[in-house]
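Right, one structure below, let's go through it.
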Amino acid sequence: MRGTGRLPWQSGSGPWRCRGYWRIWGRWDDRHGPIRISDKALTSDKGDLMKRLFLSWCFVLLSCSLSWAREYYVAADGNDANPGTREKPFATLERARDSIRQSKGRALGAGGITVYLRQGSFFRTQAFTLTEQDSGEPGRPITYRAYPGEEVRLIGGHAVPAAAFAPVTPADAACPRLDPSARGKCLKAVLGPLGIVQYGDALQMELSVGGELMPIARWPNEGFVRTTSAENNITFGYDDPRPQRWLGATDAYAMGYWYHGWASRIERIASIDVANKKITLAKSPSYGIAAKKPYYVLNLLEEIDRPGEWYLDRQAGILYLWPPEGFGAGEVLLSSLREPLVTLKGASHLHLEGLILEMGAAGGVEVSGRDNLVTNCTIRNLRKSGITISGDRNGVAQCEIRGLGETGVSLSGGDRYKLIAGENFVRNCRIHDFGRWERTYAPAIRINGVGHTAANNLLHNGPHSAILFGGNEHRIELNEIHNVCYEVDDAGSIYCGRDWGLQGNVIRHNFFHHVKSILPGSNGVHAVYLDDCASGITVFGNVFYEISGRAIMCGGGRDNTVENNVIARCGAAHFTDRRGKVWIDKDSSWKLLEKIQKYNYTEPPWSTRYPKLAQILANGYEQAKEPEGCVIRTNLGWQNKRWLQESSLGAPGGFKFYTIEKNIEDRDPHFVDEASLNLALRDDSPAYSLRGFQRIPFEDIGPQEKKSNQIP
Numbered sequence: 001m002r003g004t005g006r007l008p009w010q011s012g013s014g015p016w017r018c019r020g021y022w023r024i025w026g027r028w029d030d031r032h033g034p035i036r037i038s039d040k041a042l043t044s045d046k047g048d049l050m051k052r053l054f055l056s057w058c059f060v061l062l063s064c065s066l067s068w069a070r071e072y073y074v075a076a077d078g079n080d081a082n083p084g085t086r087e088k089p090f091a092t093l094e095r096a097r098d099s100i101r102q103s104k105g106r107a108l109g110a111g112g113i114t115v116y117l118r119q120g121s122f123f124r125t126q127a128f129t130l131t132e133q134d135s136g137e138p139g140r141p142i143t144y145r146a147y148p149g150e151e152v153r154l155i156g157g158h159a160v161p162a163a164a165f166a167p168v169t170p171a172d173a174a175c176p177r178l179d180p181s182a183r184g185k186c187l188k189a190v191l192g193p194l195g196i197v198q199y200g201d202a203l204q205m206e207l208s209v210g211g212e213l214m215p216i217a218r219w220p221n222e223g224f225v226r227t228t229s230a231e232n233n234i235t236f237g238y239d240d241p242r243p244q245r246w247l248g249a250t251d252a253y254a255m256g257y258w259y260h261g262w263a264s265r266i267e268r269i270a271s272i273d274v275a276n277k278k279i280t281l282a283k284s285p286s287y288g289i290a291a292k293k294p295y296y297v298l299n300l301l302e303e304i305d306r307p308g309e310w311y312l313d314r315q316a317g318i319l320y321l322w323p324p325e326g327f328g329a330g331e332v333l334l335s336s337l338r339e340p341l342v343t344l345k346g347a348s349h350l351h352l353e354g355l356i357l358e359m360g361a362a363g364g365v366e367v368s369g370r371d372n373l374v375t376n377c378t379i380r381n382l383r384k385s386g387i388t389i390s391g392d393r394n395g396v397a398q399c400e401i402r403g404l405g406e407t408g409v410s411l412s413g414g415d416r417y418k419l420i421a422g423e424n425f426v427r428n429c430r431i432h433d434f435g436r437w438e439r440t441y442a443p444a445i446r447i448n449g450v451g452h453t454a455a456n457n458l459l460h461n462g463p464h465s466a467i468l469f470g471g472n473e474h475r476i477e478l479n480e481i482h483n484v485c486y487e488v489d490d491a492g493s494i495y496c497g498r499d500w501g502l503q504g505n506v507i508r509h510n511f512f513h514h515v516k517s518i519l520p521g522s523n524g525v526h527a528v529y530l531d532d533c534a535s536g537i538t539v540f541g542n543v544f545y546e547i548s549g550r551a552i553m554c555g556g557g558r559d560n561t562v563e564n565n566v567i568a569r570c571g572a573a574h575f576t577d578r579r580g581k582v583w584i585d586k587d588s589s590w591k592l593l594e595k596i597q598k599y600n601y602t603e604p605p606w607s608t609r610y611p612k613l614a615q616i617l618a619n620g621y622e623q624a625k626e627p628e629g630c631v632i633r634t635n636l637g638w639q640n641k642r643w644l645q646e647s648s649l650g651a652p653g654g655f656k657f658y659t660i661e662k663n664i665e666d667r668d669p670h671f672v673d674e675a676s677l678n679l680a681l682r683d684d685s686p687a688y689s690l691r692g693f694q695r696i697p698f699e700d701i702g703p704q705e706k707k708s709n710q711i712p
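The sequence shown: position 1 = 1 (our numbering), numbered continuously.
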């Protein structure tokens, strides 16, 4: 409403009585201001002081009650024509966002604005996008959150009613292609009549029943078979008769570790030669193909042979499913959204809280800008990554992130040239079952840039690394990491590599345990892997337990410090070599001197922050290739197969360049309760006999629910 009006008033009595009115004009309603007040029409006998006091009091009340609305409500059964109140909520997030936009120009109230989403499922057909114009203010964030005690789901897919499924009968053209075990048990749903007509690329969509992802039909059901030969970079041999059943398949794919145990690739099958037992891929994997390498084949109607397996015929628009136990009672979802569920693009001071984001054919949340926070959310069952963060001072806290096709959380930002920290963080999160599609180099947490933190997280159940990092001055601390690298070789739970400039990174107070690969004969999975001359890194105060490979694997790097760690029941405690002598100029991915020259490493701020690096050529380029300046100090070992291990890569004798002192190689650490994995040290631990050994805060490792998640 716009216009003017009068607000009569009276104060006092007798000779101090004041009468008059305020003239009010502007725009106002039951939710918005501003309202301006004029006292020009004010008259009084006496009492100008009282008038001023009373006006001041009214201004305070008006500024508190007639600024931006502090709450909006959104419900799946709401209406965007509603005012967005608790009683009459909006129907969409966009309507709430736009209502806040329309109020721009007015001061945010104390505490900012909260948009409450009421219980229910919101099926997204596009990303919910917030930009700079949707930002909050320091101390006054705009928060989108689930109403307390209610479950709110943002879903990037379609619901497929159980009633839409019908049995595959002998009359169906697909029936002869089914495995005999699936005939009479397999169901089909025609998707077109349900409005589901866009199927994207093969392997892009996923299916869940009752909140659990269903396995796409594959052979073998578990594990791998192996190539028998490699004809060239796209053709390999096999020795099982099973592929003869796939001759009618047009959309089959093969996933394999085709050459290296650390490089997976999914490629489409172009042809099958059953006479000569050869399979030809449509495209060469990154490193070609070798004999005796593990692979499996997927996306085959012919391989539905157990409950839960499914296949989508994209040409016919028919979904086939051997229903799992309890089918019909659980919700069936087919992912479809090919962009993130939520995007914060250049925005600031925005919070997402208490939401469930799931079943998108892309990622969950993308964040840029600064001072944004995702907290207490569940991010699950996504084809790609969970949360991708760039910009500055953005964070993820107290979230469960699981069932990702690729990475859990990615952090980037800061300025590596100027060594300005980005200060993004992931803290107090549980991230597991990641890397389902990208089996390698899709970790729980990926960090790049400068000055980010990964702390107090529980990271587990991933085929490759838990944390990959590059850049400078990151803190990776107080995380528990287990059951990762389980499908690969030559990998690390925490991994970085091929850069002399990885200076200032600290890996401290983490607990690594039970890291082992299923690959026969593999002992090449490690806890901390500083690969290919990674340098300038500190590994301090960690606990390593039952690591099949090495606790700390240093591949020829310089100026790395390994100190105050407890290492028990591992394949080896420490490893080094001299690979820099032969590999530093191996190819364009190496060129380690060129990499640091790009950052003017001999000039500030690099030269002042990293003085040892600035002098790397002081004794010549050949000497710079050696693993100089590394320290192994004040560590306690127990029942490891080896304490020090080195290879002759480059030349033997890598440890002669190290300072190795004040270590105990093999003595019972006196854990509090090894059987229950409480590996805190008792007060009588021999570690405390090492001069300078500092207590490891084992009780603080992993998610700490009571710790603050505020942006620092």
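Where a beta carbon is used, it is the ideal one built from N, C-alpha and C, also for glycine.
Residues bridged to residue i [DSSP beta-bridge criterion]
i	result
R638	The sequence given here places Trp at residue 638; Arg does not occur at that position. DSSP lists A568 as partners of W638.
D392	R370
A159	L333
W310	I216, L321
E400	T378, R430
Y72	V115
H670	DSSP lists no partner for H670.
L352	Y144, V374
H574	I552, L644
A202	Bridge partners of A202: none, in fact.
Residue interval of the alpha helix (DSSP H) (run including residue i)
i	result
D98	93-102
D596	Here the sequence assigns Ile to residue 596, which means Asp is not the residue at that position. Per DSSP, I596 belongs to the alpha helix (DSSP H) from 592-597.
G580	580-583
K612	611-614
Residue environment, residue i, which counts as buried when at least 16 other CB atoms sit within 10 Å
i	result
N299	buried
Y621	exposed
E594	exposed
Y417	exposed
I518	exposed
S676	exposed
R36	Caution is warranted here: a pLDDT of 38 is assigned to R36, below 50, making its placement in the model unreliable, and the coordinate value is therefore given only provisionally. Looking at its Cβ environment, which holds fewer than 16 other Cβ atoms inside 10 Å, R36 is exposed.
K188	buried
A680	buried
K293	buried
V367	buried
N510	buried
K641	exposed
D666	exposed
N663	buried
W25	Low confidence applies to W25: its pLDDT is 39, below 50, so where it sits in the model is not reliable, and the reading given next is rough at best. Exposed is the call here.
E722	Residue 722 cannot be examined here, being either before or after the span of the chain that is shown, 1 to 712.
G111	exposed
R691	exposed
G288	exposed
Residue i at chain B interface by Cβ criterion, 7 Å
i	result
L468	Any reference to chain B falls outside this structure, which holds one protein chain only.
Residue i - containing beta strand (DSSP E), residue span
i	result
V484	480-484
E546	543-547
E622	Not the beta strand (DSSP E): E622 falls in the alpha helix (DSSP H), residues 621-624.
L207	207-209
A81	Careful: A81 lies outside any beta strand (DSSP E) and carries neither H nor E.
P167	165-167
M553	550-554
S493	491-497
Secondary structure, beta strand (DSSP E): runs of 3+ residues fully inside the region 104-129: 113-117, 120-123
Within the region 405-487, note down every full beta strand (DSSP E) run reaching 3 residues or more, in order along the chain. 409-411, 425-427, 430-432, 445-447, 453-455, 458-462, 467-469, 475-477, 480-484
Unbroken beta strand (DSSP E) runs of length 3 or more, entirely within the region 173-198: which are they? Taking only runs of at least 3 residues, the beta strand (DSSP E) segments lying wholly in the region 173-198 are 187-190.
Hey, which unbroken runs of the alpha helix (DSSP H) at 4 residues or more fall wholly within the region 239-315? none
The region 430-440 touching the region 397-413, judged by at least three CB pairs closer than 8 Å: Here the region 430-440 makes contact with the region 397-413; the two share three or more CB pairs at distances below 8 Å.
Evaluate contact between the region 493-508 and the region 519-538, counting only Cβ atoms and requiring at least three cross-stretch pairs below 8 Å. yes
Taking three-plus beta-carbon pairs below 8 Å as touching, is the region 155-167 in contact with the region 329-348? Using a C-beta cut-off of 8 Å, the region 155-167 makes contact with the region 329-348, since at least three inter-stretch Cβ pairs fall below that distance.
Would you check if the region 340-349 and the region 129-146 touch, i.e. whether three or more CB-CB distances between them fall below 8 Å? Flag = yes, the region 129-146 and the region 340-349 touch.
At least 3 beta-carbon pairs within less than 8 Å: the region 549-556 vs the region 606-618: no
Spell out a yes or no on whether the region 389-400 and the region 216-228 are touching, meaning 3 or more CB-CB pairs, one atom from each, closer than 8 Å. The region 389-400 makes no contact with the region 216-228, as fewer than three CB pairs between them are under 8 Å.
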